[in-house]
Amino acid sequence: HARGISRSAFLGPATKQQRRTAAVRAATPDTTDYLQLFLDDTPLMDVRAQVEYSKGAFPHTDNFPILNDEHRALVGTCYKNEGQQAAKELGYTLVVESNLKEQLVANWKEFAA
Numbered sequence: 157h158a159r160g161i162s163r164s165a166f167l168g169p170a171t172k173q174q175r176r177t178a179a180v181r182a183a184t185p186d187t188t189d190y191l192q193l194f195l196d197d198t199p200l201m202d203v204r205a206q207v208e209y210s211k212g213a214f215p216h217t218d219n220f221p222i223l224n225d226e227h228r229a230l231v232g233t234c235y236k237n238e239g240q241q242a243a244k245e246l247g248y249t250l251v252v253e254s255n256l257k258e259q260l261v262a263n264w265k266e267f268a269a
């Protein structure tokens, strides 16, 4: 055991069933925490584009989209025509290289303050 870390702790569950169980547990959210967010009227931030947000959102949610509706359409079309990697690169370009990142981060910090 290198540095006191067991093989199973390092590699994860050993059997196929253990891996499946671990994956299900990891993918299953603790809904009691979500319920408490709603019961406490906790403010939430939604980063989806306005067109998505306007179709429905959780209560007490403010919309601070990463992509505006036009950018979202461009990235979606790129994804459909050129694939995931090309869409990620376009999204990066639209946000970072157009100097939107600084404004987005400032908005998010203000919301969290």
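Count along the sequence shown from 1, add 156, and you get the number used in my numbering.
Built from N, CA and C at the ideal position, the CB exists for glycine as well.
Item	Value
Own chain residues within Cβ distance below 8 Å of LEU250, not counting five before or after	LEU223, HIS227, LEU230, VAL231, LEU256
Buried versus exposed call for ALA205 [16 or more other C-beta atoms within 10 Å across all chains shown]	buried
Assigned exposure category for LEU246 - 16 Cβ within 10 Å defines buried	buried
Beta-carbon contacts of VAL207 that lie in its chain and below 8 Å, excluding the five residues immediately before and after	ASP225, ARG228
Unbroken beta strand (DSSP E) run spanning LEU200, endpoints	200-202
First and last residue of the uninterrupted beta strand (DSSP E) at THR217	217-219
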